[in-house]
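These notes concern the structure reproduced below.
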Amino acid sequence: MGSECIECTISKIKMNLNKFKQAGRSVIFAICLSVSAQISIGQEIDILLKNGHVIDAKNKISAKMDVAVSNGKIMKVAANIPVAGAKKVVDVSGMYVSPGLIDIHTHVFTGPNPGFGHGSSSVKADDFTFRAGITTVVDAGTSGYKTFPVFKEQIIDRSRTRVLAYLNAFAPGMVGTAAEQEDMQALEIEKADATIKKYADHIVGVKIGHYSGKDWKPFDAAASLAHANNRPLFVECHITEFSLEDQLNHMKAGDILTHSYENVSERMPIVDDNGIVRPFVLDARKKGILFDVGHGGVGFWFNQAVPSVKQGLSPDTFGTDMHHNSVNSGMKDMLNLMSKYLNMGMQAEDIIQRASWGSASAIKRADLGNLSEGAVADIAVINVLEGKFGFLDAGGFKLEGDKKFQAEMTIRAGRIVWDLNGISGVPWSKDLK
Amino acid sequence: MQNYFKTAKNISLVLFLALITLNVSAQEIDLLIKGGHVIDAKNKINGKMDVAVKDGKILRVAADIPASSAKKTINVNGLYVTPGFLDIHGHVFHGTEPDNYLSNSQDALPPDGFTFRAGVTTVADAGGAGWKNIDLFRKNVVDKSKTRVLAFMNIVGGGMRGVETFEQDKTDMDPKLTAASAKKNKDIVIGIKIAHYIGHDWDPTDFAVAAGKIAGIPVMVDFGKALPPLPLEDLLLKHLRPGDILTHAYRYDQEFDKSGKMIEHKQAIVDVNTKKLKPYVWEARKRGVIFDVGHGGGSFNWSQAVPAMEQGFHPDVLSSDLHTGSMNAGFKDMANLASKFLVLGMPLADVVAASTWNPAKVIQRPELGHLSVGSEADIAVFRLREGDFGYIDASGMAIRGKQKLEAELTLRNGRVVWDLNALSAPLAK
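Protein chains in written order, with this note's numbering: chain C, 1 to 433; chain B, 1001 to 1429.
Here you go:
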């Protein structure tokens, strides 16, 4: 064990030298020493989460169970796993233990440009993930095939959050003004296709965004590109020339509509003037089209969401549309967004399932969003707070509620990356230095 | 992302219609924050008061300002109303320069996502930029942030771009050039930073102080390592001036050699064996040296903070040392850090003072950190939650506490920029 510990220390020193500043080395070394002093040979559980309510939809588990993590992977999920033999035991009684949540709509391509692509309107991938129980995000087309290599090198490879992406059908990604993005002559399908194939582990779909032209060619080309690669088309556009019904008709089962609950002039809202969800929208769901929240700064309205949930159009996924403006608005973070639906009447378990296994399924990544034995140990420990809360929508209106999700602890690949209340910490006493 | 212009038009139309249906006569107040407990150290207010905002400025702080005189009233009964917090030790010079640490690189953070949600309205970057790249810092960070961003400029011309290499280069530490650049950029530069110097000599510290003298601004020291360690006593009593700042005040470095023996390369303020604050630290405080928290990922230890606080050695200033290594660790955000000091027994009014008026004085910005009439309306509203909370330090050790501060509402320049529970919003129909 001792030599492993030193190795882990060395690799962590390399990783964290800058991040933890000068003290990083000494702190990690100190932790390592204290851990090695407490363990004996033959123990294999690194972290044991005890007494939580495990929600793992893929494995049809919703029950009080323990979760054992070893070597960055799920070792075992079972009732009453003995604490003897575990290096660290964390009591999570009264909390939900979920696969790490997946945010299927963010913008994390930060950089010096104005706007989103390699720009200042994007947010850094790690800033709002772990503290909200998220371990995987999907960047929604902030890069196109021309910029994806930079995105890969600067963002995907340097983030601790798992970063995936829908490739923008528009070759440069989200650059400049919205008008520039509408120039869909810049579609270069063959090159985009090659990029998807080259980065198959990271590109999970194709995005069409901000297109408002007069014909369906670019839209259909993007859809074909996605479907030919067995991936969803992620739709974030307001094709003012056509109706929402037309748009849904051009999508296939498994494709994803985002900003589902928006109420803006550029796109027909899903709820009609009488508060009824339009029948063709419900038909689209039956057909298998997925509805993502995509909250953002202006993409979520209670006058859409409240009747929709009542009439059976709950979101399939809780994409945040995280960016520089939405992060301090009504959106805030994914758990805040999920809490809105908790207070609109959806059940906590249902919401957590959709935010984990449901979201993994939407992006066809069956390796994620579950706690199967051997799966990567991405785990969220989630509390439901009770109290008096308020939630804001894009129109500046409030919904009052009495429940709110809170991320107590997040584990990414077997490492604790967030611990709100120090439940994994060693209790301090004055005898310690 | 959507078309903001079109939507903005719609929203403004709605607002306009809403306004003309109201009785606007005699409503001189834009926003009235009503029923809260105001803590304003500069103006010695610690009691129930209302705060009126007009044209982005504080119009009045008084008891029982009538709601009828305001266009909009936010009820904050049971909450604390303070000046927006100042965080004088952040790392916000984010960028994409590879392997450039906290200078236009990836370990630094865009400020807005970490400030408003913790009640912070002003952040000072602690030495990310030097005289060579302060212009880029202004363009990429200061001008693009909604948070007010200031800077301690690094004595290293190229900024904080690598501990073991660039930050050791004495040939890139020029007091005159640094001071000249600081003066030229005095709207944003409020101090000089010296950090991470590993050599067993005082040159870099003295260079920083020389630059501080020329520019008339304080120096912040992140005391580097040396073997044997440089005497902290000499730093505090001989090299720093009154008004200069020791950051990472409660840090306890534990580094071990191969045999497990601890290496002392930096001296702490508390002797961990006797658990007593070293006498020269008291002397330094009497001299006017400022002690700043600078929590960071590895710079706040209960083994220092608990005995120091028990002996009455409270920090002058609370600050974050915000970067990618601290944001998800024990630090989390400024409200969490403030909560730690509540748990350590520091009175709320003192915690607020150490996050508002004290840092404003330290950085010589007396226009900030208070709610005087006519000052910019940077305001934070906090809830003091009661419950069972836990707080971890840099070594992963936890202390339980019964209180936690949470930022409910933040105003920057009179505008609501954070509203956790939609206190400012009408109910959805």
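Even glycine gets a Cβ: it sits at the ideal position worked out from N, Cα and C.
Next item on the list: Grab me the residues of Val264 (chain C)'s own chain with a C-beta within less than 7 Å of its C-beta, minus the 5 sequence neighbours each way, in chain order.
Entry: Closer than 7 Å at Cβ, skipping near neighbours: Val298.
Item checked: chain B within 7 Å of Trp418 (chain C), Cβ atoms only -> Yes, contact with chain B.
Note to self: Within 7 Å of any Cβ in chain C, is that where the Cβ of Thr1096 (chain B) sits?
What the structure shows: Under the Cβ criterion of 7 Å, Thr1096 (chain B) is counted among the residues facing chain C.
Margin query: With a threshold of 7 Å between beta carbons, is Phe1313 (chain B) in contact with chain C?
Written below: Phe1313 (chain B) does not count as touching chain C.
Item checked: Within chain C, partners of Phe1389 (chain B) - CB distance below 9 Å -> Leu420, Asn421 and Gly422, listed in chain order.
Next item on the list: Quick one: grab the DSSP three-state call for Ala194 (chain C).
Entry: Annotated three-state conformation of Ala194 (chain C) is helix, per DSSP.
Checklist line | Segment limits, alpha helix (DSSP H) that includes Val309 (chain C) | finding: Counting along the chain, the alpha helix (DSSP H) containing Val309 (chain C) begins and ends at Phe302 to Lys310.
Item checked: Alpha carbon of Gln1002 (chain B) to alpha carbon of His259 (chain C), nearest angstrom -> At Gln1002 (chain B) the pLDDT is 47, less than 50, meaning the model places this residue with poor confidence; the figure from the coordinates comes in the next sentence. Take the alpha-carbon of Gln1002 (chain B) and the one of His259 (chain C): they are about 9 Å apart.
Notebook entry, point to check: Which residue comes first and which comes last in the alpha helix (DSSP H) that contains Leu342 (chain C)?
Noted result: Run containing Leu342 (chain C): Met334 to Asn343, per the alpha helix (DSSP H) assignment.
Next item on the list: Closer than 7 Å by beta-carbon distance: list the chain C residues that pair up with Arg1117 (chain B), in chain order.
Entry: Taking the beta carbon of Arg1117 (chain B) as reference, the chain C residues within 7 Å of it are Asn328, listed in sequence order.
Notebook entry, point to check: So which of B:Ile1029, B:Pro1066, B:Asn1077 and B:Thr1171 has the shortest CA-CA distance to His1037 (chain B)?
Noted result: The option with the nearest alpha carbon to His1037 (chain B) is B:Asn1077.
Margin query: Between the alpha carbons of Leu1237 (chain B) and Val1053 (chain B), how many angstroms are there, rounded?
Written below: Leu1237 (chain B) and Val1053 (chain B): Cα-Cα distance of roughly 44 Å.
Next item on the list: State buried or exposed for Pro1110 (chain B), treating a residue as buried only when at least 16 other CB atoms are found within 10 Å of its CB.
Entry: By the 10 Å Cβ count, Pro1110 (chain B) comes out buried.
Check: Helix, strand or coil: which one does DSSP assign to Trp1282 (chain B)?
Finding: The three-state secondary structure of Trp1282 (chain B), taken from DSSP, is helix.
Notebook entry, point to check: Between Gly312 (chain C) and Val293 (chain C), is the Cβ-Cβ spacing less than 7 Å?
Noted result: 7 Å or more divides the Cβ of Gly312 (chain C) from the Cβ of Val293 (chain C).
Note to self: As a quick exercise: from B:Val1293, B:Arg1148 and B:Ile1134, pick the residue whose alpha carbon is nearest that of Val1156 (chain B).
What the structure shows: Nearest option by C-alpha distance: B:Ile1134.
Check: Where are the beta strand (DSSP E) runs, 3 residues long or more, that stay fully inside the region 1133-1209 of chain B, in chain order?
Finding: Within the region 1133-1209 of chain B, the complete beta strand (DSSP E) runs of at least 3 residues fall at 1148-1154 and 1189-1195.
Item checked: Cβ neighbours of Gly1298 (chain B) in the same chain (closer than 6 Å, five flanking residues each side left out) -> Leaving aside the five residues that flank Gly1298 (chain B) on each side, the residues in its chain whose CB is nearer than 6 Å to its CB run, in chain order, Ala1394.
Checklist line | Unbroken beta strand (DSSP E) run spanning Thr1324 (chain B), endpoints | finding: That residue, Thr1324 (chain B), is in no beta strand (DSSP E); its alpha helix (DSSP H) goes Thr1324 to Met1327.
Notebook entry, point to check: Which residue comes first and which comes last in the alpha helix (DSSP H) that contains Ser361 (chain C)?
Noted result: Where Ser361 (chain C) is concerned, the enclosing alpha helix (DSSP H) stretches over Ser359 to Ala362.
Check: Which residues in chain C sit within 8 Å of Asn1328 (chain B), going by Cβ to Cβ distance?
Finding: Simply Asp126, Phe130, Arg131, Val417 and Trp418.
Next item on the list: Pick helix, strand or coil for Ile351 (chain C), following the three-state DSSP scheme.
Entry: Here Ile351 (chain C) carries a helix assignment [DSSP, helix/strand/coil].
Next item on the list: Report the rounded CA-to-CA distance for Thr1121 (chain B) versus Glu1406 (chain B), giving the unit in angstroms.
Entry: So the alpha carbons of these two residues sit roughly 15 Å apart.
Note to self: Within a Cβ cutoff of 6 Å, which residues of the same chain sit near Gly1127 (chain B), ignoring the five residues on either side of it in sequence?
What the structure shows: Non-local beta-carbon contacts of Gly1127 (chain B) in its own chain, meaning distances under 6 Å to residues more than five positions away in sequence, involve Phe1152, Asn1154, Met1160, Lys1193 and Ala1195 in chain order.
Item checked: Where Pro1359 (chain B) falls: helix, strand or coil (DSSP) -> Three-state DSSP puts Pro1359 (chain B) in a helix.
Next item on the list: Classify Phe1030 (chain B) as helix, strand or coil using the three-state DSSP reduction.
Entry: According to the sequence as given, residue 1030 (chain B) is Asp; it is not Phe. The answer is coil: DSSP assigns Asp1030 (chain B) none of H, G, I, E or B.
Next item on the list: Kindly indicate which three-state DSSP category Arg1415 (chain B) falls into: helix, strand or coil?
Entry: In the structure shown, Arg1415 (chain B) adopts extended strand secondary structure according to DSSP, grouped into three states.
Next item on the list: For the region 1036-1060 of chain B, enumerate the residues whose C-beta is nearer than 9 Å to any C-beta of chain C, in chain order.
Entry: From the region 1036-1060 of chain B, no residue has a Cβ closer than 9 Å to chain C.
Notebook entry, point to check: Using a C-beta to C-beta distance shorter than 8 Å, which residues of chain C count as neighbours of Lys1429 (chain B)?
Noted result: Taking the beta carbon of Lys1429 (chain B) as reference, the chain C residues within 8 Å of it are Asn303 and Phe397, listed in sequence order.
Margin query: Within 7 Å of any Cβ in chain C, is that where the Cβ of Gly1396 (chain B) sits?
Written below: Yes, Gly1396 (chain B) lies at the interface with chain C (some Cβ there is under 7 Å from its Cβ).
Note to self: So if I threshold CB-CB distances at 7 Å, which residues from the region 1130-1148 of chain B count as touching chain C?
What the structure shows: Within the region 1130-1148 of chain B, the qualifying residues are Asn1140 and Lys1144.
Item checked: For Ala1268 (chain B), the nearest candidate out of B:Phe1389, B:Ser1069 and B:Tyr1252 (CA to CA) -> Per the C-alpha coordinates, the member of B:Phe1389, B:Ser1069 and B:Tyr1252 positioned closest to Ala1268 (chain B) is B:Tyr1252.
Next item on the list: Could you tell me which of B:Leu1368, B:Asp1292, B:Ala1349 and B:Met1397 sits nearest to Val1221 (chain B), measuring between CA atoms?
Entry: Ranked by Cα distance from Val1221 (chain B), the options B:Leu1368, B:Asp1292, B:Ala1349 and B:Met1397 are led by B:Asp1292.
Item checked: Burial state of Leu48 (chain C), where buried means 16 or more other Cβ atoms lie within 10 Å -> By the neighbour-count criterion, in which 16 or more other beta carbons inside 10 Å mark a residue as buried, Leu48 (chain C) falls on the buried side.
Next item on the list: Going by DSSP, name the residue or residues bridged to Thr317 (chain C).
Entry: The partner list for Thr317 (chain C) (beta bridge, DSSP) reads C:Asp292.
Notebook entry, point to check: Name the chain C residues whose beta carbon is nearer than 7 Å to that of Ile1363 (chain B)?
Noted result: Taking a Cβ-Cβ threshold of 7 Å, none of the residues of chain C is close to Ile1363 (chain B); the smallest such distance is about 22 Å.
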